[in-house]
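Residues 1 to 57 (UniProt numbering) are what the sequence shown spells out, left to right. Just so you know, even glycine gets a beta-carbon here, dropped at the ideal spot from N, CA and C.
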Amino acid sequence: MLRTRIRVGDAAPMAYIEFIDRENELREPKPPAPQPPQRAPLDPWTKSRLCQRVCIS
Numbered sequence: 001m002l003r004t005r006i007r008v009g010d011a012a013p014m015a016y017i018e019f020i021d022r023e024n025e026l027r028e029p030k031p032p033a034p035q036p037p038q039r040a041p042l043d044p045w046t047k048s049r050l051c052q053r054v055c056i057s
C-alpha cells in the first residue's frame, strides 16, 4: 500500500493498493459444488396456473 496525497474535496487520505503474487502462495482451488437434483417437470395446467399468479397482464 502506497500512501499518496490528501484528496482536495474532503481532505481524505488517498493510497494505491497493489496486489502482488508471490511464489508458493497459491491455494488449492475448492472443489465444485454438487449440482442440485433434477425436479420433475410440471404438467401444462400447473405451469399455466403458476404463470397467472406471477405474470399479471
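Please classify residue i: does DSSP put it in a helix, a strand, or coil?
| i | result |
| --- | --- |
| Pro34 | coil |
| Arg3 | strand |
| Pro13 | strand |
| Pro41 | coil |
| Arg49 | helix |
Would you say the beta carbon of residue i comes nearer than 8 Å to a heavy atom of the ligand MN?
| i | result |
| --- | --- |
| Pro44 | Ligands are entirely absent from the displayed structure, and the ligand MN is therefore not among its contents. |
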